Amino acid sequence: MSEAKRAGPPPGEPYDSEAATWTDWAPAGGWAGYADQAALWSALCEDLSEAGGQWHCMNFSQHLTVWECCADGSAILIGYCGDRLAELQTSGSGGALRHLLAIAASFGLTPRTPTADTG
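Here my numbering is used: the first residue of the sequence shown is 13, the next is one more, and so on.
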């Protein structure tokens, strides 16, 4: 989708086109056989809290949680299949990306940015 086709922000609010870009994160072998899930989950959730107003948690279903950084609107999307991680994404280049970058290398996570929609 081109930038021109994207919906803009509500009147009076800035629009960050980078926040509309989602980056997929995964271990090299994928999530199905990933052995460090428990440790990754613990590290990922460290410092994610609605206390203090830094993060806002949205649970859309038992299979999807989104943590939004209140400072810049960037987000961490966590998808589940049963009790296992099945998807991990970040949007934008703000607090959500910084939070994930702090742990990504330790757990062998690498980014994959989706290709642009060509129509």
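Note that CB positions come from ideal geometry on N, CA and C, so glycine has one too.
Predicted, not measured: the structure shown is a model, and the values here were computed from it.
Quickly, what does DSSP pair Leu52 with across the bridge? List them, please.
According to DSSP, Leu52 bridges with nothing at all.
Please classify Gly104 as buried or exposed, where buried requires at least 16 neighbouring CB atoms within 10 angstroms.
The residue is buried, with at least 16 neighbouring Cβ atoms inside 10 Å.
When we look at the beta-carbon of Ala116 and count the other beta-carbons within 10 Å, is it buried (16 or more) or exposed?
buried
Give me the residue from Leu89, Ala87, Leu60, Asp95 with the minimum Cα distance to Ala44.
Ranked by Cα distance from Ala44, the options Leu89, Ala87, Leu60, Asp95 are led by Asp95.
Here's the rule: buried if 16 or more other CB atoms are within 10 angstroms of the residue's CB, otherwise exposed. What is Pro21?
Low confidence applies here, because Pro21 scores a pLDDT of 47, under 50, leaving its location unreliable; read the following figure in that light. So Pro21 ends up on the exposed side.
Return the CA-CA distance between Leu112 and His75, expressed in angstroms with no decimal places.
Rounded to whole angstroms, Leu112 to His75 spans 20 Å at the Cα level.
Own chain, CB closer than 6 Å to Leu52, minus 5 neighbours either side, in chain order
Excluding sequence neighbours, Leu52 sits near Phe119.
Under 6 Å Cβ to Cβ from Val78, same chain only, skipping five residues before and after it: list those, please.
Met70, Ala87, Leu89
Which class does Cys57 belong to by DSSP, given the choice of helix, strand or coil?
helix
DSSP state of Ala87 mapped onto helix, strand, coil:
strand
Using CA atoms only, rank isn't needed, just tell me which of Gly107, Arg110, Leu100 is closest to Leu121.
Of the candidates Gly107, Arg110, Leu100, the residue whose Cα lies closest to the Cα of Leu121 is Leu100.
Sequence-distant residues of the same chain with beta carbon closer than 6 Å to Tyr46, five excluded per side:
Pro39
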